[in-house]
Amino acid sequence: MTDSPCSSQFIPLDKPSQGTRVAVLYFDSDAPHIDILECATRRLNAALGLSEVLQSLEEPSANIIKNIGIGSHILICDAMCLIDKVQNQVQPKA
Numbered sequence: 006m007t008d009s010p011c012s013s014q015f016i017p018l019d020k021p022s023q024g025t026r027v028a029v030l031y032f033d034s035d036a037p038h039i040d041i042l043e044c045a046t047r048r049l050n051a052a053l054g055l056s057e058v059l060q061s062l063e064e065p066s067a068n069i070i071k072n073i074g075i076g077s078h079i080l081i082c083d084a085m086c087l088i089d090k091v092q093n094q095v096q097p098k099a
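Reminder that position 33 of the sequence shown reads as 38 in our numbering, one-by-one numbering, no gaps.
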């Protein structure tokens, strides 16, 4: 088995999204930009939801704060990676 997909259309997400030394999470760079941005938006909304849950808790434990922080960080990293990839595809080459 190889370490990367066969097609160059599949691009690995950035390191923070991977959580491993080897890239295992890829996205389809040939997907319509609107769909990639929708995916990023859903991840940002999920991170916002986690933040709202944390805010609603009276006295969250350190473990809850840590887990919500880790989940939010991964979701935001995924979203920013997708947004950056779309921006790089649509920006005119100099």
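All C-beta atoms, glycine included, are put in the ideal place defined by N, C-alpha and C.
Distance CB(residue i)-CB(residue j) smaller than 8 Å
i	j	result
Val95	Ile41	no
Leu59	Ile70	yes
Leu80	Ala52	yes
Thr28	Ala84	The sequence given here has Ala at residue 28, not Thr. It is not a contact, given that the beta carbons lie outside the stated cut-off.
Leu30	Leu49	no
Inter-residue spacing [alpha-carbon to alpha-carbon] between residue i and residue j
i	j	result
Gly24	Ser56	21 Å
Ile16	Asp33	7 Å
Lys20	Pro37	23 Å
Asn93	Ile39	14 Å
Glu64	Arg47	28 Å
Ala67	Ser61	15 Å
Pro10	Asp89	With a pLDDT of 49 at Pro10, under the threshold of 50, the predicted position of this residue should be treated as unreliable, though the coordinate-derived value follows. Their Cα atoms are separated by approximately 21 Å.
Residue i (DSSP reduced to helix, strand or coil)
i	result
Asp35	coil
Pro10	Its pLDDT being 49, under 50, Pro10 is placed unreliably by the model, and nothing is read from it.
Lys71	helix
Glu63	coil
Gly24	coil
Gln96	coil
Paired residues, beta bridge with residue i - DSSP
i	result
Pro17	Tyr31
Assumed close pair residue i, residue j - CB separation to whole angstroms, cut-off 8 Å
i	j	result
Ser13	Cys82	Between Cys82 and Ser13 the Cβ distance is about 22 Å, and since that is not below 8 Å, they are no contact.
Residue i CB to nearest heavy atom of the ligand NAD below 7 Å
i	result
Ser61	Because no ligand of any kind appears in the structure shown, any question about the ligand NAD cannot be addressed here.
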